[in-house]
Structures are given as structure tokens and as C-alpha cells.
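Have a look at the structure below, then the notes.
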Amino acid sequence: MTELSTLARPYSKAAFEYSLEHNSLEDWQKNLSLLSEMIQNDRIRDFIVKPNVTPSLLVDTILKIFDSDLPNGFSNFLDLLCQNKRLQLAPQIKDQFETHKANQEAILDITVSVTEELTDDQLKKLTEALATNLKRQINIQIVLNKDLIGGAVIQAGDMVIDNSVRGKLNKLADSLNT
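As numbered in our numbering, residues 18 to 195 make up the sequence shown, in order.
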């Protein structure tokens, strides 16, 4: 999986930069999502790997399936993926494109694990505090986890803030064992 992400990186970056430059981020995101879904279809995947399917036939077929106004440069991008036999990277390209877009918009996805539902006021205060501290706009997702006993675990990308009772008990147990 890491290898696919590495291969997809230059394509996603180029797609993002091009769409940003041409003010078409939303259109590119929509079409990359559609392409990603299309590539995950078994019949289309089988068609892609057939040895007698040329890149130009593949591009023409996919463009017929899209049957919509494509953003500027998208058909050329699709042609590049087909010529370089990188069409199977569409899901990774889409994911990385969305990450670039979120970073551009300074939006951070945060997961907060708690033992019970937060009130609207608690959620608002938490959202404001996190947005202020992280200096970014955030999308927050609340996950219920009774194993925490109390408190919360906040996860943003690879950063984790464990302020749960379970986490504190584990730290206490670790310090007693050493």
C-alpha cells in the first residue's frame, strides 16, 4: 500500500497544483472521486488489465462513461495516467488530492473519543478551543468509547492527546512497574 501511495504522490500533487491554479478544485475533486469509484469496479478493472486495450481506447472509454463537462486539463491528466499505466492509482491519487485540498483550506479532521455524548455547548467549546490552539479550521467527529472510563482521547493526524481515565491508569501502572 505504501508503494502505491508513493507512486500516486507526484500525480496527486500535479493534479492539485493544476486545479488550484485554474480555480477548479471542487470539479477536480468530484471527477477524481468518480474515477476512483470507477476503477474499483470489478468489470472496469478487468477491462483495464486486458493486454489488447490500448491507452487511447481506455481514455476514450472512460471519457464516455464520465459523460459530463470535465474540468480544464482533466482529460489530459486521464490520458497521462493511461499512457503511464497508472490508472489503478486513482483511489490513492484521490485521497492524496483531498489531503492537499484540506491542507490548503487549513481544515483538520479530528476524532474525539469520549465515554458519553457531548452536549452542544461542550462540543462548541471543544471545537473552538481546538481550532484556536491548532490555528486551523476543524472537522470534528465524536466517537463513543466506554473503555475510556472517563475523559477523552483527541486524535488529529498522528498527534494523540490522551486525557482519559484509562490512559492515566495505564501511565500510573507503567510508572509503578518500573
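All C-beta atoms in this analysis are idealised placements derived from N, C-alpha and C, irrespective of residue type, glycine included. Since the structure is predicted, the reported quantities are computational estimates derived from the model, not experimental observations.
- Remark: three or more beta-carbon pairs, one from each stretch, lie closer than 8 Å, so the stretch 164 to 178 and the stretch 123 to 138 are flagged as touching.
- In this model, G90 and S50 are separated by some 16 Å (Cα to Cα).
- Between A32 and F94, the beta carbon gap of about 6 Å places them in contact (Cβ cut-off 8 Å).
- Distance from the CA atom of L52 to the CA atom of I82, rounded to whole angstroms, is 10 Å.
- Contact between I65 and Q105 holds, with the beta-carbon distance rounding to 7 Å and staying under 8 Å.
- Boundaries around A146 are those of the alpha helix (DSSP H), 137 to 151, since no beta strand (DSSP E) includes it.
- Per DSSP, V182 is one residue of the alpha helix (DSSP H) stretching across 182 to 194.
- Here A119 has L125, D126 as same chain residues with Cβ atoms under 8 Å from its own Cβ, once five neighbours each way along the sequence are excluded.
- Judged by DSSP secondary structure, Q57 falls outside any beta strand (DSSP E); it is assigned neither H nor E.
- Residue pairing by DSSP puts V170 in a beta bridge opposite S130, D179.
- Taking 9 Å as the cut-off, the beta carbon of S22 is found no closer than this to the beta carbon of Q139.
- Per DSSP, the unbroken beta strand (DSSP E) holding N156 starts and ends at 154 to 161.
- Under the three-state reduction of DSSP, L87 is assigned to coil, being neither helix nor strand.
- Within the DSSP secondary-structure output, I124 pairs in a beta bridge with Q154.
- With the rule of 3 Cβ pairs closer than 8 Å, the stretch 177 to 194 counts as touching the stretch 152 to 165.
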